[in-house]
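Protein chains in written order, with this note's numbering: chain D, 1 to 407; chain F, 1001 to 1407.
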């Protein structure tokens, strides 16, 4: 098998840990696999470099930022290659530029356009482990670019796609994807499999195991992705396309949640076209990200437009909307800044009616008031008062029997 | 004027110092010059990286070492470019590979073969300061190479040669080249000018202001080299070719010295051909560097072959020679491991007789016994007991009036 492994900053955070990673890589190779390893900067390094940059320039030049930060991964690839060689495992390191991970020129958030496989194929055929710097590439003009934070996951998936690898293994400090956050629910269960679509919903809703972008990428190029722990052995969680998943998908795969949200309502909005744009135009101009949006018509033929933002943006958003509301003849702006969002995620819910009502029933039993509801193909989200968050997650986890593996 | 400036690790050793360097560079540009800046890794960085490598591999792979160490300079170029931009001075950084400092593939000690000027010219014409990583290059296959310790000086001189710069300024922590070490002689004097040839003798004899290799390079391509301080203003010392020097060169420019040498003699060597090779072959095979070599015929038609090595190599050298001496029928091996070498250097001595006798007279006055004498075109060296070193240097400095500028 051809396997791409990716180790994050914590996994390579010290010389001892780099040695442990080398052992893991060598073991995988000893089983007869060809191995490409992608590594991040040692934990702390990127933050240190960023701090130095900010001492020099308030908004450091993006090109120079990329020049600076790319040294972090370059350091790790050299050290890991040495660690591999020292245990008799031939290895060769490459910067992003050297394997020609060609990107556009959008410094600090570049997108991969093409990957040259020639060097890697040659080394793999000679029995070498190929060690590639994550997070970085090079543009047409030869400038060093970076893919943005978490870009090492994207590098790994992109290499796996280019090499048509049998599996892309993302090693992290957790041993897989769970039905929900184990810190909230004691008997949260590690999932053996999850679909790309579910993973995307889980990731974007706060289960920060994988970068969303890398999951999208993996889904698009059908790369088998596995999340597993670099500190303990175990099968981890395999992320696959829906048809590769199971004959019968479990109805609900997991429960994601987000704290620290605020709910903002513009109430009594006249029911004429263009109102939504009048609300969200200025919010977007202020670079405030909006999460859930709900609109419904009240009895008096006026609308209430309600949405959620990160709590830190609530004050700015309501300030902007005060004048907007006046201008459009709305009754006013209401802010509720202690809300949380809880979402059930599962590709199986498509074919199952009644999931929503079971969810609402479970919450009602705990007397948790639902403030907003939104649904998508594979997810139902509710916004509730923040203090009920843990209670709600536990109630739902139990109501849908997520502690038990699917039969 | 087109000026290449080089700042060493101490000069860029902290964010504050990088800011100070930026001020100096911007000032040079504000005077109407085009400026290319070459920088080393921040002091301490290279040692840290090397220490990490040695924790992983006893003899780290040279290719991976270069991959690792080259991150040091890459960090500095990004930071210095930010510092320049933050004070309104447009700047752009380049790794060795990006300006295509093409080298051979001798990792950790690569030699520069070619430099591509295109990028640099473009930036300079657009009024930008070009910031280049010292010490590093790239080979034909795209592997990162390094030029070996002190290679940043070589980078600077090579860029100056390629760009036909008007001057190559090497900023260090001393304000120029002195007649001798000011820590030994209080009234040692900074030289306004010195010739390449003299500088080579001074450098190789222990005045470690500049790397020998960069001086050779500068001499070969006739690059005007100036050594000056990055901490205080001043004209520094200009290093020029002899014909550009002065009408009448001073007889003696300076006094160089080396401590920690050992003197080894193979005595009573039969006077037949091939004996010198029998002595130095095995020494060279053991990678021991030999400095002074003297041979003279004794009264009994046997030779004494005497040479000096670094003190740390004395034991190994004498061990090797014990058996060699037996084999070649020599009387024995004598080791004297507390010697030092003192050298008068000056291109003017070529045309002046009597320098040697004045030197010997000055030493005799202080009752310093001379153990060995060697001479070259522009230098006379003596080996003496180490404890007399300071006394000898002071006596000679005064005997040749080096505290006074030449008339």
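Every residue gets a Cβ at the ideal spot worked out from N, C-alpha and C, and that includes glycine.
query, result
"Would residue 1220(F) pass as an interface residue toward chain D - the criterion being a Cβ-Cβ separation below 9 Å?", "no"
"Taking the DSSP output, what are the residues bridged to residue 1379(F)?", "1345(F), 1376(F)"
"Give the residues of chain D in contact with residue 1106(F), contact being defined as C-beta atoms less than 8 Å apart.", "By Cβ distance, chain D contributes nothing, its closest Cβ being about 18 Å from residue 1106(F), past 8 Å."
"Counting only runs of 3+ residues fully inside the region 208–239 of chain D, write out the beta strand (DSSP E) ranges in chain order.", "225–229"
"Here's the rule I'm using: 16 or more other beta-carbon atoms within 10 Å means buried, otherwise exposed. How should residue 1116(F) be labelled?", "exposed"
"Between residue 1190(F) and chain D, is there a C-beta pair that is closer than 9 Å?", "no"
"Please name the residue or residues paired with residue 1307(F) in a DSSP beta bridge.", "1264(F), 1293(F)"
"Give the secondary structure of residue 114(D) by DSSP, where H, G and I count as helix, E and B as strand, and everything else as coil.", "strand"
"Taking Cβ-Cβ distances shorter than 7 Å, what residues in chain F pair up with residue 67(D)?", "1074, 1077, 1078, 1093"
"Assuming the contact rule is C-beta atoms closer than 8 Å, residue 1019(F) and residue 1134(F) should be a hit. Round their C-beta distance to whole Å, please.", "So it is not a contact: roughly 19 Å between Cβ atoms."
"Near residue 379(D), which residues of its chain fall below 7 Å by C-beta distance, leaving aside the five closest residues on each side in sequence?", "201, 343, 344, 345"
"What are the start and end residues of the beta strand (DSSP E) that includes residue 137(D)?", "136–138"
"Which residues in the same chain as residue 148(D) place their Cβ atom closer than 7 Å to its Cβ, once the five residues preceding and following it in sequence are excluded?", "108, 109"
"So is residue 152(D) in contact with chain F if we call contact Cβ pairs under 9 Å?", "no"
"At the level of alpha carbons, what is the spacing between residue 1236(F) and residue 1039(F)?", "19 Å"
"Name the residues in the region 1038–1058 of chain F whose C-beta lies less than 8 Å from a C-beta of chain D; which are they?", "1049, 1052, 1053, 1055, 1056, 1057, 1058"
"According to the Cβ coordinates, are residue 337(D) and residue 262(D) closer than 9 Å?", "yes"
"What's the C-alpha gap between residue 186(D) and residue 194(D)?", "20 Å"
"If I'm right that residue 69(D) touches residue 146(D) with Cβ under 8 Å, what's the distance once you round it to whole angstroms?", "6 Å"
"Identify whether residue 384(D) lies in helix, strand or coil by the three-state DSSP scheme.", "strand"
"Work out the CA separation of residue 1080(F) and residue 164(D) for me, nearest whole Å.", "41 Å"
"What are the boundary residues of the beta strand (DSSP E) that residue 6(D) is part of?", "2–7"
"With DSSP as the reference, identify every bridge partner of residue 270(D), one or two as the case may be.", "302(D)"
"Can you list, in chain order, the residues of its chain whose CB lies under 7 Å from that of residue 1128(F), leaving out five sequence neighbours each side?", "1090, 1091, 1092"
"Less than 9 Å between CB atoms is the rule here; does residue 126(D) satisfy it with respect to chain F?", "no"
"Just confirm the distance between the C-beta atoms of residue 348(D) and residue 279(D), as a whole number of angstroms; I'd bet it's less than 8 Å.", "No, residue 348(D) and residue 279(D) are not in contact; Cβ-Cβ is about 35 Å, not under 8 Å."
"Rounded to whole angstroms, what is the Cα-Cα separation between residue 288(D) and residue 1105(F)?", "52 Å"
"Return the CA-CA distance between residue 1103(F) and residue 1111(F), expressed in angstroms with no decimal places.", "5 Å"
"Is the region 1264–1278 of chain F touching the region 1299–1311 of chain F, taking contact as three or more C-beta pairs under 8 Å?", "yes"
"Mark residue 1(D) as exposed unless 16 or more other C-beta atoms lie within 10 angstroms of its C-beta, in which case mark it buried.", "exposed"
"Measure from the C-beta of residue 1230(F) to each C-beta in chain D and report whether the shortest distance is under 9 Å.", "no"
"Among 227(D), 218(D), 184(D), 161(D), which one has its Cα closest to the Cα of residue 171(D)?", "227(D)"
"For the alpha helix (DSSP H) containing residue 1074(F), name the first residue and the last one.", "1062–1086"
"Candidates 323(D), 330(D), 29(D): which alpha carbon is nearest residue 301(D)'s?", "330(D)"
"Please classify residue 1397(F) as buried or exposed, where buried requires at least 16 other C-beta atoms within 10 Å of its C-beta.", "buried"
"Should residue 335(D) and residue 314(D) be called a contact, given that it needs their Cβ atoms to be closer than 9 Å?", "yes"
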